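Numbering (the numbering used here), first residue to last: 18 to 379.
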Ligand SMILES: [Zn+2]
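This is how it looks when you write it as structure tokens:
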């Protein structure tokens, strides 16, 4: 399988690099950006998410000696020990659900085990941490609350990473199972809306949840916003219709050439590795080693200096060990904590099913 590099084509994840970085697997996300909140917009988002799910599943099926789909917490160890990549599915943004809660079952059946209700802008389910218009529902909408109950019923972990603080507070109250912040940071280190304060971090941990530290530079440290770069990248995306539209080698080469021009003209402002580690060590201090994990947000805009693709992940382990944490702690950061949260969602779903049927289910 082809090994790419960030320098050559601005990608951060592929099979050879996952292996080189000692990464056994992770969540592949069905990400659909927030669009118009209309019946047509919701239908298009639903179709898009279904297509992404099918595309990931086809990729796994075509490369079954390298990848395997995981749907339960217990799958991870078995698949990793067989030498394959563990592929869990998640959804970043609940927008594709529209107003049709039955779609949660559909996506669950396709393998989705984690859902973030909202992305960079408010939607019909919840308020975003970063919507410039401010809060709309002051947390979850009524529909969003029904999504929480349905996720608990099915065994889908709720992800409050892009959600507003009010949403996180309400999720902590409403969800029958622990939450995840799939890629977030600490407000105490950098007071950005995408990061959470120590009180919320403690509340998350008290309910058994996990924060996975984000390596997205603009949320790690205060950087000068390069509007020229952002505009150039937006124009590039508009021209090519996003990475998923790069369906031929020619289109891909054209995109890479155009992107390289932008990178030369307006280099990406990056936070430092030390600034990223400040978030990690702070979260560890406040929440404790049972409640912290990692996320690069790779191929999603992530990356800090010296941590630009999956091959660089061992740097984090090195730094954690030299900060005095044990190899057992390190194992929890990389997988144990997340799998515990997933297992809790499964157990709750199983228990709910038994209660409904009135008989033990094996
Ligand atoms: Zn994100």
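Yeah, the Cβ is synthetic: ideal placement off N, Cα and C, and Gly gets one too. In this text the structure is predicted, and so the values were computed from the model without any measurement.
Unbroken alpha helix (DSSP H) run spanning residue 296, endpoints: Here residue 296 corresponds to residue number 279 of the chain shown, with the count starting at 1. Secondary structure note for residue 296: its alpha helix (DSSP H) is the uninterrupted segment 290-304.
Buried versus exposed, by CB contacts within 10 Å (16 or more), residue 329: Locating residue 329 in the chain shown gives position 312, where the first residue counts as 1. Residue 329 should be labelled buried.
Please specify which runs of the beta strand (DSSP E), each continuous and at least 3 residues long, are wholly inside the region 58-138, giving them in chain order. The region 58-138 contains these whole beta strand (DSSP E) runs: 84-86, 102-109, 129-133.
If you follow the alpha helix (DSSP H) that residue 161 is in, where does it begin and where does it stop? Taking the first residue of the chain shown as position 1, residue 161 is located at position 144. Segment 159-171, the alpha helix (DSSP H) holding residue 161.
Cβ-based burial, residue 206 [other Cβ within 10 Å; buried from 16]: Your numbering for residue 206 matches position 189 in the chain shown. Under this definition residue 206 is a buried residue.
Residues in the same chain with beta-carbon distance under 6 Å from residue 313, minus the five sequence neighbours each way, listed in chain order, please. Numbered from 1 along the chain shown, position 296 holds the residue referred to as residue 313. Correct list, in chain order: 232, 319.
Enumerate in chain order the residues of its own chain whose CB-to-CB distance from residue 33 is below 7 Å, with the five nearest sequence positions on each side excluded. Position 16 of the chain shown, counted from the first residue, corresponds to residue 33. Cβ neighbours of residue 33 beyond the five flanking positions: 18, 20.
Nearest CA to the CA of residue 161: which residue from 140, 179, 149? Numbered from its first residue, the chain shown carries residue 161 at position 144. Of 140, 179, 149, the residue nearest in Cα terms is 140.
Please report the residue range of the alpha helix (DSSP H) in which residue 273 lies. Walking along the chain shown from the start, residue 273 turns up at place 256. Residue 273 -> alpha helix (DSSP H) spans 266-282.
If we call anything under 9 Å between Cβ atoms a contact, is residue 84 one with residue 102? On the chain shown, residue 84 is found 67 positions in, with the first residue counted as 1. On the chain shown, residue 102 is found 85 positions in, with the first residue counted as 1. The answer is yes: Cβ separation under 9 Å.
Using a Cβ-based criterion (distance less than 8 Å to any ligand heavy atom), does residue 107 qualify as near ligand 1? The count along the chain shown starts at 1 and reaches residue 107 at position 90. No, the beta carbon of residue 107 sits no closer than 8 Å to any heavy atom of ligand 1.
Using a Cβ-Cβ cut-off of 6 Å (strictly less than) and excluding sequence neighbours within five positions of residue 203, which residues of its own chain qualify? Counting from one through the chain shown, the residue named residue 203 turns up at place 186. Around residue 203, the same chain offers 212, 296, 299, 300 as residues with beta carbons nearer than 6 Å, after the five sequence neighbours per side are excluded.
Close Cβ partners of residue 214 (< 6 Å) along its chain, the five nearest in sequence each way excluded: Walking along the chain shown from the start, residue 214 turns up at place 197. Only 204 meet the Cβ criterion.
One or two residues paired with residue 37 in a DSSP bridge: Here residue 37 refers to the residue found at position 20 of the chain shown. Residue pairing for residue 37: DSSP places it in no beta bridge.
Determine whether the Cβ of residue 224 lies closer than 9 Å to any Cβ atom of chain B. The chain inventory of the structure shown lacks chain B, comprising one protein chain alone.
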